[in-house]
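Single-structure report; data block below.
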Amino acid sequence: MTRSGKPFDSALTVFMLVKTTTEWLGFPVEKRFELFRETFTPILKAHAADVTLRFFDIEFYSARVTDLWMWDARDHQSYQLLVEAIRETPFWDRYFEIVDILPGLENAYATHYGREPITA
491 MTRSGKPFDS ALTVFMLVKT TTEWLGFPVE KRFELFRETF TPILKAHAAD VTLRFFDIEF
551 YSARVTDLWM WDARDHQSYQ LLVEAIRETP FWDRYFEIVD ILPGLENAYA THYGREPITA
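Position 10 of the sequence shown, counting from 1, maps to 500 under the numbering used here, and the rest follow consecutively.
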């Protein structure tokens, strides 16, 4: 593990804002978990050495999106390969609408100027 607790140091963090579709919400809860296990989990496992995911439920705070998927990637290509795999499934724009994708570099400003990161 690295100092961040992830299996690698991230070169890229991506905040993917998504909204559940009525088709997804029409499935019983157990079916949703089954679909995740059958389709989404194998993709995550296939890319686990280079990309990690954290889920945030935000539907009770936002009308625009229901979830935030936070991806940390070893590099841009690793993230790209993961997204290409997800795009080939119903999770991309069928079960979830991809509302916005916000890539960022953690502490890039401080790093650029050779300063300590600003943290709390």
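Note that beta-carbon positions come from the ideal geometry of N, C-alpha and C, so glycine has one too. Small disclaimer: the values here were computed from a predicted structure and weren't measured.
For residue i, count neighbouring Cβ atoms within 10 angstroms of its own Cβ and tell me buried if that reaches 16, exposed if not.
i	result
L572	buried
I533	buried
Y599	exposed
Near residue i, which residues of its chain fall below 8 Å by C-beta distance, leaving aside the five closest residues on each side in sequence?
i	result
A501	A563, R564, D565, H566 and L595
T503	M560, W561, D562, A563, P593, G594, L595 and E596
Look at the Cβ atom of residue i, then the Cβ atom of residue j, and state whether they are nearer than 8 Å.
i	j	result
T556	T601	no
T529	T609	no
V589	R554	yes
F519	W559	Per the sequence shown, the amino acid found at residue 519 is Val instead of Phe. Taking 8 Å as the Cβ cut-off, V519 and W559 do not qualify as a contacting pair.
Y569	W582	no
Figure out for me which residue from the options has the closest Cα to the Cα of residue i.
i	options	result
T542	F581, V589 and F505	F505
I576	L515, S552 and H537	H537
Y585	T503, F523, R605 and A539	F523
P497	F526, T503, A539 and W514	A539
DSSP three-state call for residue i: helix, strand or coil?
i	result
L543	strand
V555	coil
A610	coil
G594	strand
E587	strand
A501	coil
If I measure Cβ to Cβ from residue i and keep anything under 7 Å in the same chain, skipping five residues before and after, which residues do I get?
i	result
N597	P607
Below 6 Å CB to CB, which residues in the same chain sit around residue i once its five sequence neighbours on both sides are set aside?
i	result
F546	L558
F517	none
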